Amino acid sequence: MRLNIFKCKIRCLSLVVFVFAIKYEKHNDLSVSFTIKLITISSGKQYIMLNGYTYYRHSARKNGFRWSCTQSSKCHAKIIVGNDGRLVSADGEHIHPPPTYYVLPDGTYVKG
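This is the structure we're talking about:
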């Protein structure tokens, strides 16, 4: 069985916890779903967590910000978030497993 890999642009309403699913009828009901949240780590920095992977705010764009993977300079996974808080695109594959974080009682995240 061959699985076709494809890219798509994804839009969301805000950077709060949510699950988003897309159904492609042409691809035998292939569903794509993800969870995205804005987290604060123990140092006070804010990261975006998308499907367990974390991204830091890398650079400003004309209409938003580029967020890059926090794990390795060799990992080229990135996401683009618009000024209105919408996820504009997600690009690249991670070359590592997702990091482990623990949530403290005050809601901050600590890397495990």
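Counting with mature numbering (1 follows the signal peptide of the UniProt record, and there is no 0), you get residues -21 to -1, 1 to 91 for the letters of the sequence shown.
Even for Gly, the Cβ is constructed at its ideal location relative to N, Cα and C.
Remember, it's a predicted structure, so these values are computed and weren't measured experimentally.
Would you tell me roughly how many angstroms separate the C-alpha atoms of Y80 and S52, rounded to the nearest one?
Answer to the nearest angstrom: the Cα atoms are 20 angstroms apart.
Inter-residue Cα distance where the pair is G31 and D63:
Computed Cα separation, rounded: 23 angstroms.
Going by the beta-carbon positions, is the gap between Y26 and I15 smaller than 8 angstroms?
No, the pair does not count as a contact, with Cβ atoms beyond the cut-off.
Separation of D85 from C48, as counted between CA atoms
In this model, C48 and D85 are separated by some 25 angstroms (Cα to Cα).
In terms of alpha-carbon separation, which member of S22, M28, V82 and G23 lies closest to A69?
Among S22, M28, V82 and G23, the Cα nearest to that of A69 belongs to M28.
S52 (DSSP reduced to helix, strand or coil)
Three-state result, S52: coil.
I need the boundaries of the beta strand (DSSP E) containing S38, first residue and last residue.
Residues Y32 to R40.
Taking DSSP as the reference, what is the three-state secondary structure of H73?
Residue state for H73 is assigned as coil, using DSSP reduced to three classes.
If you draw a straight line from the C-alpha of P77 to the C-alpha of R40, how long is it?
Computed Cα separation, rounded: 26 angstroms.
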